[in-house]
Amino acid sequence: MATPIDPMHQFMIQKIVTLPTVNVPGLGAIDLSINNSIAAMLLAATLIIVFYALAGKGEVVPGRLQTTGELLYGLVDGLTSSIIGHDGKKYLPFVFTLFSLILFCNLQGMLFGWTGNFLGFTASSQLAVTLTLGMMVILTVIGVGFAKNGLKFFKLFAPSGVPWPLLFLLVPIEFISFLIRPITLALRLFGNMLGGHVVLKIFATFVAILLAMAPAYWAVGALALSSVVALTALEFMVAFLQAFVFAVLTCVYLNDVVHLDSH
Amino acid sequence: MATEHQGAVESTEAPQHESGGLPQLQFEHWGGQIVWLLLIFAVLYTVLSKALLPRVSGAIDERGAKIAGDIADARRLKDEAEVQARAAAAEVAEARAKAQKTAADAKAKASAEAAERQAKEEAILAEKLAAAEASIQAARDAAMSQVRVVAEETAGAIVEKLTGKAASAAELKSALA
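Protein sequence lines, in the order shown, are assigned to chains A and B.
Residues 1020 to 1282 (my numbering) are what the first sequence spells out, left to right.
Residues -14 to 162 (my numbering) are what the second sequence spells out, left to right.
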């Protein structure tokens, strides 16, 4: 597409505050400068803390803000207690932090995109970010698995009640499916945020191009515009849904190792 | 993660912006994002789990407890009210029974009195009637005896006038019997 607007430009990393580069042995140089992705994540975390500082007033009769805060909390609470069960409360802060951080990162890109700076940068469309989140989930799952079950953790790969010859087939499959969990988690979030944003940008660009052409093309432009409106609504849903899916899968993976005996 | 090694290799290509390919795969930006994300996540987790979420769950629990308490109170009050209503209904029924009994007693007494009085009046009337009948009978008897005397005299006079001699009293009596 020979347009002056590059749909991938919105994902470009731009440095905001230059900080020293740290050389970590074995990992190489790590540039700790704050770029737009990091600034967006900082903003998301700040917004979450401010939101819950205001929403967590603890009144018996809640206001609007408190109701919204409790709604989100109740959503995650429902997930952990319905999927993990009675022990779920212990993992609630972890799942909630993941959920709220992803949700706010997703929504910032939708809500503040018009600013054109880091405020509207979608950090959750960065593979580095989603992969780190995925790794954090799976490392937590492994940590909880070993802490709860010790070496019995490896029973996760050998489902009970299976004839032993089948284990030769099942164990590698289970093992590989466990290993690719962080990757699927990361790619699902990354792909959804990337794809939706790119499609939005392309359609919006299309509107501008058609408007610049003869009036005969404006009807097509109106069609493109209406699809941008519809896609924007869809993207808001996807922004919420992907955060929710991430939280659900985190709960499912945690449940696997918390209730290993009934696995 | 192996990506940082590649990041060091690719950092020479950093300035090429519109070269196609995903900006997300410019690995020289990965290290900083990962470190900062871990930092941000750790701070957010700590603040949320230690300070903010307990207040939210506390409020929810408090509300649940308050609602449960209020419902229990309401249920208790309703039970109490039901017991009182039942007692009141029993009292009303008792009062009504008492009132009906009183009314029935009064009615019975009144009708008994009325019957007695009527009987007394009837007795007096019957006495008066009997007396009246007796006096009528006496008057009639007197009148009848008077009639006989008048008839004897009249017969005596008629006989004297016709025959010229008076008939005796015994003859007259037998003729009139």
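Think of the CB as a built atom: it goes at the ideal place given N, C-alpha and C, for glycine as much as any other residue.
All of these numbers come straight from a predicted model, not from anything done at the bench.
A/L1090 has its alpha-carbon roughly 29 angstroms from the corresponding atom of A/G1214. Following the DSSP letters along the chain, one finds A/I1035 inside the beta strand (DSSP E) bounded by residues 1034 to 1036. Neighbours of B/V32 in chain A, taken as residues at a C-beta separation under 7 angstroms, are given in chain order as I1068. Apart from sequence neighbours up to five positions away, the residues of its chain that approach A/V1181 with a beta-carbon distance below 8 angstroms are L1189, ordered along the chain.
When Cβ-Cβ separations below 9 angstroms define contact, B/A82 makes no contact with chain A.
Straight across, the Cα-Cα distance linking B/I109 with B/R102 is about 11 angstroms. A direct Cα-Cα distance of roughly 10 angstroms separates B/W15 from B/W21. Contact annotation: the segment 1147 to 1163 of chain A touches the segment 16 to 35 of chain B, with at least three C-beta pairs closer than 8 angstroms. Distance from the CA of A/V1079 to the CA of B/G43, rounded to the nearest whole angstrom, comes to 10 angstroms.
Within the segment 1040 to 1059 of chain A, those residues whose Cβ lies closer than 7 angstroms to any Cβ of chain B are, in chain order, L1046, G1047, A1048, I1049, D1050, L1051, S1052, N1054, S1056, I1057. No Cβ of chain B is located within less than 9 angstroms of the beta carbon of A/S1100.
Per DSSP, reduced to three states, the secondary structure at A/A1048 is strand. Contact residues of the segment 38 to 70 of chain B toward chain A are L38, R40, V41, S42, G43, A44, I45, E47, R48, K51 (C-beta to C-beta distance below 8 angstroms). Beta bridge pairing from DSSP links A/T1040 with A/D1050. In this chain, A/K1076 is not harboured by any alpha helix (DSSP H), its DSSP state being neither H nor E.
With a minimum length of 3 residues, there is no unbroken run of beta strand (DSSP E) contained wholly in the segment 1230 to 1256 of chain A. In this structure, A/H1216 lies near A/G1128, with their beta-carbon atoms less than 9 angstroms apart. Taking 9 angstroms as the CB threshold, A/A1147 lines the interface with chain B.
In summary, the residues of the segment 1081 to 1114 of chain A whose CB is separated from some CB of chain B by less than 8 angstroms are P1081, Q1085, G1088, E1089, Y1092, G1093, D1096, L1111, P1112, F1113, in the order they occur in the chain. Between A/V1156 and A/L1117, the gap from beta carbon to beta carbon is short of 9 angstroms. Rounded to whole angstroms, the separation of the alpha carbons of A/G1075 and A/Y1272 is 29 angstroms. Boundaries cannot be given for B/E13, as no alpha helix (DSSP H) includes it and DSSP labels it neither H nor E. Between A/N1125 and A/A1262, the C-beta gap is smaller than 9 angstroms, which places the two residues in contact. The DSSP-derived three-state label of A/S1179 is coil.
Contact with chain B is found for A/Y1071, since one of that chain's Cβ atoms lies less than 9 angstroms from the residue's Cβ. A/T1269 carries a helical assignment under DSSP once its states are collapsed to helix, strand and coil. Not one beta carbon of chain A lies nearer than 9 angstroms to the beta carbon of B/V77. Distance from the CA atom of A/P1201 to the CA atom of A/V1043, rounded to whole angstroms, is 24 angstroms. Taking a C-beta distance under 9 angstroms as the contact criterion, A/L1279 and A/F1197 do not qualify as a contact pair. With a 10 Å radius around the Cβ and a threshold of 16 neighbouring Cβ atoms, B/L23 comes out exposed.
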